Amino acid sequence: MRNILILGGTTEASALARLLAERGETATLSYAGRVHNPRPQPVPMRVGGFGGADGLAAYLRRERVTHLIDATHPFAATMSGNAVMAARKTDVPLIALTRPAWRAEEGDRWTSAPDIASAIAALDGPARRIMLALGRMHADAFAAQPQHLYLMRFVDAPTAPPTLPNHHLVVDRGPFNADGDMRLMQDHGIDLILCKNAGGAGAQAKLIAARRLGLPVLMIDRPALPERLEVHDPGAVLRWLDHDADRGV
Ligand code: 3Y8
Ligand code: NAP
């Protein structure tokens with residue numbers, strides 16, 4: 052009898068949870084607890100950190116997890132590193148369900164930055180009107196470039212107003228759509244989009260909107276992640292569960 056733990060927080064994690072529930076698998080979806088009302092899931096949820104790699108290893112043993120699926124966001128590098136370490140400590144088979152990085156298409160005006168600090172440094176210069184599509188956790192760091200107008204989008208209303216002097220805050224959760232993001236950019240006279248290379252469809256709307264409006268994008272590259280078995284499709288996870296996981300592939 053399998054007992055699957057999904058490290059969630061992405062569109063793909065939710066799609067996988069639906070497939071596993073339809074097959075009657077025993078699975079739990081885990082959230083960090085970053086937002087007030089995480090999306091309800093068709094499998095039991097758990098919310099909150101494990102207490103580092105050792106805490107996750109102890110959870111895997113205590114709950115007799117037989118398969119670990121890391122379906123976290125590509126920027127959740129700490130969680131993914133902990134998953135590799137905990138899986139190794141406990142011999143629980145691990146697979147990562149990720150999405151390919153976005154790639155610029157014909158006519159896109161992308162420049163890239165290796166990390167958030169470099170993106171902030173790249174904003175030196177006269178005031179611009181920037182769609183800061185990074186969420187809440189890193190927004191305050193942009194106070195280092197206070198000359199710009201920042202259009203920000205958070206999942207939850209913040210308890211304290213953002214510290215950026217010149218900002219407009221939208222409270223909305225994705226997945227988003229291109230028409231909505233185009234309207235948002237036009238209403239605020241946006242002249243630069245700044246985002247993470249999240250991949251997937253849930254956050255892609257702003258790139259399609261930027262392309263249609265001919266706007267430049269400053270794309271933050273993904274952090275390095277440890278070596279692990281990776282697939283891009285929930286169906287491939289089912290095949291792994293049925294054929295490969297127990298052979299250690
Ligand atoms: C808590 C759980 C699903 C998953 C939906 C995806 C798509 C919509 C687009 C923009 C970009 C951003 C942000 C974003 C998207 C999906 C996916 C995705 C980007 C939820 C969710 C949790 C979070 C955490 C949250 C972060 C924030 C990042 C907003 C659920 C809704 C900007 C990432 O307030 C905070 O602390 C928010 C923190 C990490 C990044 C940040 O630094 O603020 N996601 N997002 C997860 C947990 O507790 O474990 O309620 O569904 C999930 C989703 N957000 O099942 O439908 O698959 O990527 N999430 C980014 O990509 O840059 C918004 O605005 O254009
Ligand atoms: P992170 O920086 O890699 O992780 C920080 C700590 O948060 C981890 O060490 C772990 O705490 C806890 N954690 C993270 N994901 C968890 C999960 N799914 N279940 C239980 N604990 C978790 O992670 P993050 O970037 O803050 O992302 C947090 C969550 O938001 C993840 O579910 C991720 O998929 C989702 N998300 C993140 C982004 C993003 O831009 N970063 C975008 C969309 C969704 P302990 O060490 O105590 O175990």
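Mapping the sequence shown onto this note's numbering, position 65 (from 1) lands on 116, and the numbers just tick up by one. Ideal Cβ placement from N, Cα and C applies to all residues, glycine included. Owing to the predicted nature of the structure, the values given are computational and were not obtained by experimental measurement.
Give me whichever residues DSSP pairs with residue i in a beta bridge.
i: residue 163; result: 270
i: residue 78; result: 55
i: residue 97; result: 81
i: residue 118; result: 55
i: residue 182; result: 202 and 244
i: residue 148; result: 282
For the ligand NAP, I want to know if residue i counts as a neighbour, meaning its beta carbon is within less than 7 Å of at least one of the ligand's heavy atoms.
i: residue 247; result: yes
i: residue 201; result: no
i: residue 124; result: yes
i: residue 227; result: no
i: residue 106; result: yes
Rounded to whole angstroms, what is the Cα-Cα separation between residue i and residue j?
i: residue 173; j: residue 196; result: 10 Å
i: residue 202; j: residue 257; result: 13 Å
i: residue 273; j: residue 53; result: 32 Å
i: residue 288; j: residue 145; result: 10 Å
i: residue 115; j: residue 93; result: 21 Å
i: residue 151; j: residue 67; result: 17 Å
i: residue 122; j: residue 233; result: 29 Å
Quick one: is the Cβ of residue i within less than 7 Å of any heavy atom of the ligand 3Y8?
i: residue 302; result: Absent from the model: residue 302. The displayed extent of the chain is 52 to 300, so no value can be given.
i: residue 230; result: no
i: residue 61; result: yes
i: residue 253; result: yes
i: residue 283; result: no
Measuring only between beta-carbons, confirm whether residue i sits less than 8 Å from chain C.
i: residue 115; result: Structure shown: chain C not included; a single protein chain is present.
query = Using 8 Å as the Cβ pair cut-off and three pairs as the minimum, do the segment 129–146 and the segment 237–244 touch?
reply = In short, these stretches do not touch, since the Cβ pair count stays below three.
query = Hey, which unbroken runs of the alpha helix (DSSP H) at 4 residues or more fall wholly within the segment 238–282?
reply = Runs of the alpha helix (DSSP H) inside the segment 238–282: 256–264.
key: Cβ pair count under 8 Å reaching 3, the segment 271–288 against the segment 161–176   = Judged by Cβ distances under 8 Å, the segment 271–288 makes contact with the segment 161–176, as three or more pairs qualify.
query = Given 8 Å as the limit, is there contact between the segment 116–136 and the segment 198–214, that is, 3 or more CB pairs closer than that?
reply = No, because fewer than three Cβ pairs between the segment 116–136 and the segment 198–214 fall closer than 8 Å, the two stretches do not touch.
message = Quick check on the DSSP output: what are the complete alpha helix (DSSP H) runs of length 4 or more inside the segment 186–235, in order along the chain?
response = Within the segment 186–235, not a single complete alpha helix (DSSP H) segment reaches 4 residues in length.
ask   = Looking at C-beta atoms only, is the number of pairs between the segment 243–254 and the segment 173–187 that lie closer than 8 Å three or more?
value = The segment 243–254 makes contact with the segment 173–187, as at least three CB pairs between them are under 8 Å.
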